[in-house]
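The structure appears below as structure tokens.
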Amino acid sequence: MKKILFYDSKPYDIEFFDKANKNFGFNIKYFKDKLDEESVVLANGYDFICLFVNDTLNKEILKKIKEYNINLIALRCAGYNNVDLKAAYDLKIHIVRVPAYSPHAVAEHTIGLILTLNRKIHKAYNRVRELNFNINGLLGFDIFGKTVGVIGTGQIGKVVIQILNGFGAKIIAYDTYPDKNFQEKLGFEYFSLDRLFQESDIITLHCPLLPETQYIINKDSISKMKDGVMIINTSRGKLIDTKALIDGLKKGKIGSAGLDVYEEESDYFFEDYSSQILTDDILARLLTFPNVIITSHQAFFTKEALINISETTLQNIKDYIDGKPLKNEVCYRCGQSSPNCDKFIKGRCF
Ligand code: NAD
């Protein structure tokens with residue numbers, strides 16, 4: 000029976016993976032800590048390891064993993080910015096992921112952040128519980144007719160566009176690979192990034208974190224935006240230069256921000272620090288703004304997504320064992336994980 004070590008596992012991982020594993024029969028060991036230079040030694044003796052968004056997979060750690068004769072690492076998430084893909088490729092370690100477990104989950108959370116920030120539901124909730132039925136300060140705007148800039152029109156961006164179409168918003172988008180068919184079907188426009196910054200009332204990020212997208216929201220791009228713009232990030236923390244965001248919020252240039260991710264989230268997110276002192280001064284400052292909502296990387300967190308994540312992750316491992324094509328492999332050379340990639344050899348990256 001093949002042995003899999005799970006890093007950074009939470010009670011919900013155990014519940015959903017144990018259920019899915021009834022159809023696979025792997026020997027799974029759940030470990031609470033994240034993968035790092037110290038915890039990597041625990042992988043010795045396992046056939047595979049399974050990781051989440053804040054586990055570290057740098058060159059040194061990958062070398063150790065290779066020494067343990069582990070040749071496939073299963074990410075139970077879509078993003079892979081925490082992986083040194085070149086090092087994995089050089090060491091001939093396959094990286095598989097779950098590319099689309101539920102774009103609806105993330106898209107719906109995105110809309111939840113927009114609506115909550117706009118109509119100040121987070122403030123109204125607290126007020127009414129204290130019998131304060133005053134509505135001063137809770138003024139919002141109609142989303143109908145507003146311009147929403149969507150950066151990244153992949154799986155999640157597309158669902159966001161579909162939902163916002165229902166609101167009667169004007170959608171403009173930017174993507175390095177525009178999807179013309181989808182554009183025609185949905186009737187929105189692709190603009191340059193600069194034009195999107197200039198014309199959007201709400202900007203929502205749905206592109207991956209890559210060297211070219213790191214800090215796509217920065218001092219310069221913020222200066223091009225409309226006064227009072229709402230910024231939503233449910234993608235990856237490092238897409239936003241948080242110091243520039245805070246500066247924009249302090250000056251009133253940015254009207255509100257909804258963040259499900261934060262550039263230094265790996266120190267805090269997914270854990271309970273409620274009885275400790277927050278030492279991250281930037282996060283502490285963000286938390287003081289009444290017009291900022293932070294959620295703890297929970298956009299993916301629906302039952303449907305967890306079922307999909309657990310089944311796809313275990314199927315990815317089984318496909319490797321069975322010598323089948325790895326349709327969810329992250330290919331270092333083309334950046335995709337697609338069976339259509341011409342660099343794939345018999346459905347695998349190498
Ligand atoms: P996807 O791969 O389907 O779509 C990404 C889109 O971004 C593609 O259309 C791609 O062409 C585009 N893109 C690539 N480089 C770009 C650039 N420089 N500028 C603009 N667009 C660019 O991915 P997805 O499933 O839609 O997920 C998007 C992101 O959401 C992921 O990368 C991940 O970081 C994040 N995510 C977050 C959560 C969460 O719980 N918060 C869950 C899943 C995914």
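One point on numbering: in numbering that gives the first Met the number 0, the residue at position 136 of the sequence shown is 135, and numbering is uninterrupted.
Even for Gly, the Cβ is constructed at its ideal location relative to N, Cα and C.
Can you tell me whether residue i sits near the ligand NAD, meaning its C-beta is under 8 Å from at least one heavy atom of the ligand?
{"i": "Ser-191", "result": "no"}
{"i": "Ile-155", "result": "yes"}
{"i": "Val-228", "result": "no"}
{"i": "Gln-297", "result": "yes"}
{"i": "Phe-143", "result": "no"}
{"i": "Thr-212", "result": "yes"}
{"i": "Tyr-11", "result": "no"}
{"i": "Tyr-173", "result": "yes"}
{"i": "Ile-215", "result": "yes"}
{"i": "Asp-89", "result": "no"}
{"i": "Cys-348", "result": "no"}
{"i": "Asp-54", "result": "no"}
{"i": "Thr-312", "result": "no"}
{"i": "Val-260", "result": "yes"}
{"i": "Asn-180", "result": "no"}
{"i": "Thr-233", "result": "yes"}
{"i": "Val-105", "result": "yes"}
{"i": "Ala-73", "result": "no"}
{"i": "Ile-245", "result": "no"}
{"i": "Leu-50", "result": "no"}
{"i": "Ala-256", "result": "no"}
{"i": "Gly-148", "result": "no"}
{"i": "Thr-115", "result": "no"}
{"i": "His-205", "result": "yes"}
{"i": "Cys-76", "result": "yes"}
{"i": "Gly-151", "result": "yes"}
{"i": "Asn-80", "result": "yes"}
{"i": "Tyr-176", "result": "yes"}
Please look up how many angstroms separate the CB atoms of residue i and residue j, rounded, as I've assumed it's under 8 Å.
{"i": "Phe-47", "j": "Ile-308", "result": "Not confirmed; about 16 Å, so no contact."}
{"i": "Leu-90", "j": "Lys-63", "result": "Actually they are not in contact, since the Cβ atoms of Leu-90 and Lys-63 sit about 10 Å apart, beyond 8 Å."}
{"i": "Ile-92", "j": "Leu-71", "result": "7 Å"}
{"i": "Leu-413", "j": "Tyr-331", "result": "Nothing about residue 413 can be read from this structure; the chain reaches only from 0 to 349."}
{"i": "Gly-139", "j": "Lys-119", "result": "7 Å"}
{"i": "Ile-171", "j": "Glu-183", "result": "Actually they do not touch by this definition, with Cβ atoms about 15 Å apart."}
{"i": "Ser-101", "j": "Glu-303", "result": "5 Å"}
{"i": "Lys-145", "j": "Lys-179", "result": "Lys-145 to Lys-179, Cβ: 25 Å. No contact."}
{"i": "Asp-193", "j": "Lys-218", "result": "Asp-193 to Lys-218, Cβ: 15 Å. No contact."}
{"i": "Ile-69", "j": "Ala-42", "result": "6 Å"}
CB residue i to CB residue j, shorter than 9 Å?
{"i": "Ala-104", "j": "Ile-94", "result": "no"}
{"i": "Asp-7", "j": "Asp-54", "result": "yes"}
{"i": "Ile-149", "j": "His-205", "result": "The sequence given here places Val at residue 149; Ile does not occur at that position. Contact flag set, yes."}
{"i": "Val-52", "j": "Gly-24", "result": "no"}
{"i": "Thr-152", "j": "Pro-177", "result": "yes"}
{"i": "Phe-269", "j": "Cys-76", "result": "no"}
{"i": "Leu-313", "j": "Asn-20", "result": "yes"}
{"i": "Thr-233", "j": "Leu-285", "result": "no"}
{"i": "Gln-154", "j": "Pro-98", "result": "yes"}
{"i": "Ile-201", "j": "Ile-113", "result": "yes"}
{"i": "Ile-292", "j": "Leu-282", "result": "no"}
{"i": "Tyr-11", "j": "Leu-305", "result": "yes"}
{"i": "Ile-245", "j": "Met-229", "result": "no"}
{"i": "Lys-28", "j": "Leu-4", "result": "yes"}
{"i": "Thr-109", "j": "Val-159", "result": "yes"}
{"i": "Lys-237", "j": "Glu-262", "result": "yes"}
{"i": "Leu-195", "j": "Asn-164", "result": "no"}
{"i": "Asn-80", "j": "Leu-208", "result": "yes"}
{"i": "Asp-259", "j": "Ser-295", "result": "yes"}
In the DSSP output, which residue or residues are listed as bridge partners for residue i?
{"i": "Ile-230", "result": "Ile-202, Ala-256"}
{"i": "Tyr-292", "result": "Residue 292 is actually Ile in this sequence, not Tyr. Answer is Gly-257, bridged to Ile-292."}
{"i": "Val-149", "result": "Ala-172, Thr-203"}
{"i": "Glu-351", "result": "Outside the shown range of the chain, which is 0 to 349, sits residue 351, and nothing can be said about it."}
{"i": "Cys-348", "result": "Cys-348 is not bridged to any residue."}
{"i": "Asn-26", "result": "Lys-2"}
{"i": "Ile-216", "result": "Ile-239"}
{"i": "Glu-328", "result": "Val-95"}
Determine, using beta carbons only, whether residue i comes closer than 9 Å to chain C.
{"i": "Leu-248", "result": "Within the model displayed, chain C is absent; a lone protein chain is all it includes."}
Q: Within the stretch 71-135, note down every full alpha helix (DSSP H) run reaching 4 residues or more, in order along the chain.
A: Qualifying alpha helix (DSSP H) stretches, in chain order: 84-89, 102-118, 120-128.
Q) Which runs of the beta strand (DSSP E), 3 residues or longer, sit entirely within the stretch 31-66? A) For the stretch 31-66, whole beta strand (DSSP E) runs of length 3 or above, ordered along the chain, are 47-50.
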